[in-house]
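A quick write-up on the structure given underneath.
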Amino acid sequence: MVERATDKTHLKTLLPELGARTYLMGILNLTPDSFSGDGLAGNPDPVVAALEQAEAFLREGADILDIGGESTRPGAQPVSVEEERARVEPVIRTLARAFPKAVISVDTYKAAVAEAALQAGAHLVNDVWGLRADPEMGAVAARYGAPVILMHNRSTPNNAEVRERLGGRYVGVAYENLLEEVKAELLESVALAQQAGIPDGDIILDPGIGFGKTVEQNLELVNRLDEIRALGYPVLLG
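The letter at position 197 of the sequence shown is residue 501 when you use our numbering, and the numbering goes up by one with no holes.
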């Protein structure tokens, strides 16, 4: 059993070797329509299923448990704040008690969901819209002293193509200079975090592989990840 990290604290305390080694994140999708087809929402008892999955992740070496209550796959439909809270809150509360030193992140772009998750025991906010979707998100993270993961995202319903056998993918996403535009937009999210009072040391960047990007664009970003790292922040790759 993995113990839990201390309540709401800085990134370097939660992940003390950040920058010296790679940390692994285990993803728990509490949805019926997840990107990877492994959502736990259809389980007779999603909380028990999440507990078992989390225990397996931690046993296999995961450092962070990332809990999401809304699918972010191409073409997925958004869910209400109430529904998303109902999915993530009991799971986070259960995991925080069961694994007192596990680092828990909540994957949401809604401030009300993030606040409920932080109150339930989450440590990090993983925002796939980089604080752009909900103007209150930065303030919530700052108020709870929660580090943030800021992802680059240009996905829209009309640039997603869903095929019956292949699932969703993004097509026709135009960039004049992919890397420079991704870097610039990530720094805009950083500025939003700073304005909200989140310290630089509590920011992680995510180039958003698979979000509003073609396969070729995804591969280019992976190949040039060192240039994103040169912005001076830790990088999450999912």
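Every residue, glycine too, gets a C-beta built ideally from N, C-alpha and C. No experiment lies behind these values; they were computed from the predicted model shown.
If contacts are defined as beta-carbon pairs under 8 Å, then residue i and residue j qualify, I think. What distance do you get, rounded to the angstrom?
i, j, result
"E393", "A420", "5 Å"
"L322", "L328", "Wrong, their Cβ atoms sit about 13 Å apart, outside the cutoff."
"I453", "L540", "6 Å"
"P511", "L525", "5 Å"
"G425", "A450", "No, G425 and A450 are not in contact; Cβ-Cβ is about 11 Å, not under 8 Å."
If you follow the alpha helix (DSSP H) that residue i is in, where does it begin and where does it stop?
i, result
"D411", "First-last for D411: 407-411, but that is the beta strand (DSSP E), not the alpha helix (DSSP H)."
"D530", "529-533"
"L482", "482-500"
"L315", "315-318"
"G442", "441-447"
"V417", "415-424"
"A354", "350-363"
Just mark residue i as buried or exposed, buried being the case when its beta carbon has 16 or more other beta carbons within 10 Å.
i, result
"D530", "exposed"
"N333", "buried"
"Q381", "exposed"
"S338", "The predicted position of S338 is uncertain, since its pLDDT is 47 and thus under 50; no value can be drawn from it."
"Q357", "buried"
"G365", "exposed"
"S493", "buried"
"D311", "Any reading at D311 needs caution, since the residue's pLDDT is 47, under 50, leaving its predicted position unreliable; the model's value is listed next. Under this definition D311 is an exposed residue."
"D367", "buried"
"V395", "buried"
"R389", "buried"
"T335", "buried"
"V417", "buried"
"S384", "exposed"
"E480", "exposed"
"G536", "exposed"
"V519", "exposed"
"R391", "buried"
"R325", "exposed"
"R377", "buried"
"L318", "buried"
Which residues does DSSP pair with residue i in a beta bridge?
i, result
"V392", "Note: V392 sits in no beta bridge, so no partner."
"V429", "V410, V452"
"G539", "The residue you asked about is not Gly; residue 539 is Val in the sequence shown. DSSP output for V539 lists L509 as bridge partner(s)."
"D370", "I331, S409"
"R325", "L322"
What residue range does the beta strand (DSSP E) around residue i cover?
i, result
"L454", "452-455"
Any contact of the segment 416-430 with the segment 480-493, i.e. 3+ C-beta pairs under 8 Å? no
Q) Do the segment 442-451 and the segment 493-511 make contact, defined as three or more Cβ pairs closer than 8 Å? A) yes
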